[in-house]
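Notes follow the structure.
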Amino acid sequence: MKTIIFGGSFDPIHNGHIKLAQKALEVINADRVVFMVAKNPRWKSKRTDDEHRYNMLLLGLKDHPSFIVSRLELDSNKEINYTYDTILEFKKEENEELYFLIGYDQLDQLDRWHKIDELSKLVNFVCISRPDYQINLKNATKYNVLVIKESVSSMSSTKLRELIDVDAPKEVLNYIIDNNLYYIPKIKSYITEKRYRHTISVANLAYHMALNNSLDASKAYIASLLHDIGKYVEERKQEEIAKKYDEDNYKLISKVLYHQYTGVEIAINDFNIKDEEILDAIKYHATGKQNMSKIGKIVYASDKIDPSRGYNSQDMINECLKDIDSGFNYVLSENIKYFKLKNMEYKNPLTIQCIKYYLGDKYI
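Numbered according to this note's numbering, the sequence shown terminates at residue 776, and the numbering increases by one at each position without gaps.
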């Protein structure tokens, strides 16, 4: 049997990890990949409880029968778990051909690993490297490393922890919410508990809309998590920010809509969001605008037809899941009908432009 050991802190597991493991499994024609969760990685400051990291691995890998999660290091009483010692322990239980998967950055440091000469006789090292990356040929040759040239995902656990990218199994994202991990406490600090429940409901709906429409679910999810982040900023500050982002129109827009601009400011300054499509979706989620991106349409629609709002929006949800373009038009038209029924003011320049662009003058 061929087994690949994939060690790491997995704080948390993301789709980049899974793609690396899948590629190694395919190239080596191995029988399984064992994800070895590091208890006390010396090269990283541990952030998250061992059990949370382990549980997220189980959830993230549940649809991959060739992937196993090991507690060997987690259950160890050793102060330091060197890879050499871990492999010796693993071999006591399993007598098979072992491969050890590393990243191209780890290859540069391989000669500094504890008992590396002995370790290289126990396992076959495998390194997956970007095609354009200049690998450490000296270490690769000395330790007989199998180098696989492959386009490597730029996804990282740091990006996931900081809400820069959430390209991870949805079960992992749900676990992060349920256990108040990483970015969740920060989001909660800006909004009320009621608004937080709405935010999570919108984000989940937006995620599924994006997937069903073959769009970037990560972008839709992030934009939705942050769409109301500016809701409770002091009113005068919101007006200043609205003027900064839309000097031509802000005085013609209801102040209750200013939070879309404040949300962009917070997303940039406090969450380090740089993706223009995410920022644009936040910026116009309340008013809409002409020529919206599909992600922008998803965030707008998900906010308006969020199931937690307490009315039956299932027909509109179904249409958005099927086709976001026609679904968005449906939501927009129903939203205008609601405003007229309730005699609510909606005729700001941005919303008027949005209605004319997508529905025509008859809906004004």
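For each residue, glycine too, the CB sits at the ideal point set by N, CA and C.
Measuring CB to CB, does S568 end up less than 8 Å from G428? yes
Spatial distance of A622 from S714 (CA atoms): 11 Å
With C-beta atoms as the reference, is A618 less than 8 Å away from Y594? no
Got a sec, what are the start and stop residues for the alpha helix (DSSP H) I680 sits in? H671 to N681
Looking at the secondary structure, which residues open and close the beta strand (DSSP E) in which L500 lies? Element bounds for L500: not the beta strand (DSSP E) but the alpha helix (DSSP H), T495 to E505.
Mind checking H426: buried by the 16 CB within 10 Å criterion, or exposed? buried
Secondary structure at F447, three-state DSSP: helix, strand or coil? strand
By the 10 Å Cβ neighbour count, where 16 or more other Cβ atoms means buried, how is N616 classified, buried or exposed? buried
For the segment 648-664 and the segment 745-755, state whether three or more C-beta atom pairs, one from each stretch, are separated by less than 8 Å. no
With a Cβ-Cβ cutoff of 8 Å, do Y511 and A433 count as a contact? no
Burial state of Q521 (16 or more Cβ within 10 Å): exposed
Inter-residue spacing [alpha-carbon to alpha-carbon] between A693 and I680: 13 Å
Taking the alpha carbon of K504 as the reference point, which residue from I440, I492, L534 and S630 has its own alpha carbon closest? L534
Using CA atoms only, rank isn't needed, just tell me which of K561, Y608 and A635 is closest to A698. A635
Determine the burial state of T553: buried for a count of at least 16 other Cβ atoms within 10 Å of its Cβ, exposed for fewer. exposed
Starting from the C-beta of N741, find all residues in its chain whose C-beta is less than 6 Å away, skip the five residues before and the five after it, and write them out in chain order. Y770
Cβ shell of Q765 (< 7 Å), same chain only, five flanking positions each side left out: K701 and Q702
How about the segment 523-538 and the segment 462-481: do they share at least three Cβ pairs that are nearer than 8 Å? no
Can you tell which of D687, R721, P719 and Q726 has the C-alpha that lies nearest to the C-alpha of I707? D687
Span separating the alpha-carbon of M704 from that of E647: 27 Å
Residue nearest to L558 in terms of C-alpha spacing, selected from K435, L572, Y496 and L486: K435
Note down, in chain order, each residue of its chain lying with its Cβ closer than 7 Å to the Cβ of E689, except the 5 sequence neighbours on either side. K631, S705 and I707
Just to confirm, is the Cβ distance from I641 to I596 under 8 Å? no
Let's see if you can read the secondary structure: which residues bound the alpha helix (DSSP H) around I528? I528 to L534
Beta-carbon contacts of K600 that lie in its chain and below 7 Å, excluding the five residues immediately before and after: Y608
Mind checking which residues open and close the beta strand (DSSP E) that includes I739? Rather than Ile, the amino acid found at residue 739 in this sequence is Gly. Taken as a continuous stretch (DSSP letters only), G739 belongs to no beta strand (DSSP E), being part of the alpha helix (DSSP H) at I736 to L753.
Run of the alpha helix (DSSP H) containing G472, from where it starts to where it stops: D462 to G472
Of all the beta strand (DSSP E) runs that stay within the bounds of the segment 533-592, which reach a length of 3 or more residues? 536-541 and 558-561
Test item: CB-CB of P781 and L627 under 8 Å: A question about residue 781 goes unanswered here, because the residues of the chain that appear run from 413 up to 776.
DSSP three-state assignment for L513, whether helix, strand or coil: strand
Give the secondary structure of I430 by DSSP, where H, G and I count as helix, E and B as strand, and everything else as coil. helix
Distance, Cα to Cα, N452 vs T498? 13 Å
Taking its Cβ as the centre, do 16 or more other Cβ atoms sit within 10 Å of K695, making it buried, or is it exposed? buried
Should E757 go down as buried or exposed, given a rule of 16 or more other Cβ atoms within 10 Å for buried? exposed
Please state if the CB of I528 and the CB of Y555 are separated by a distance shorter than 8 Å. yes
Nearest to M448 by alpha carbon, out of N586, G420 and N760? G420
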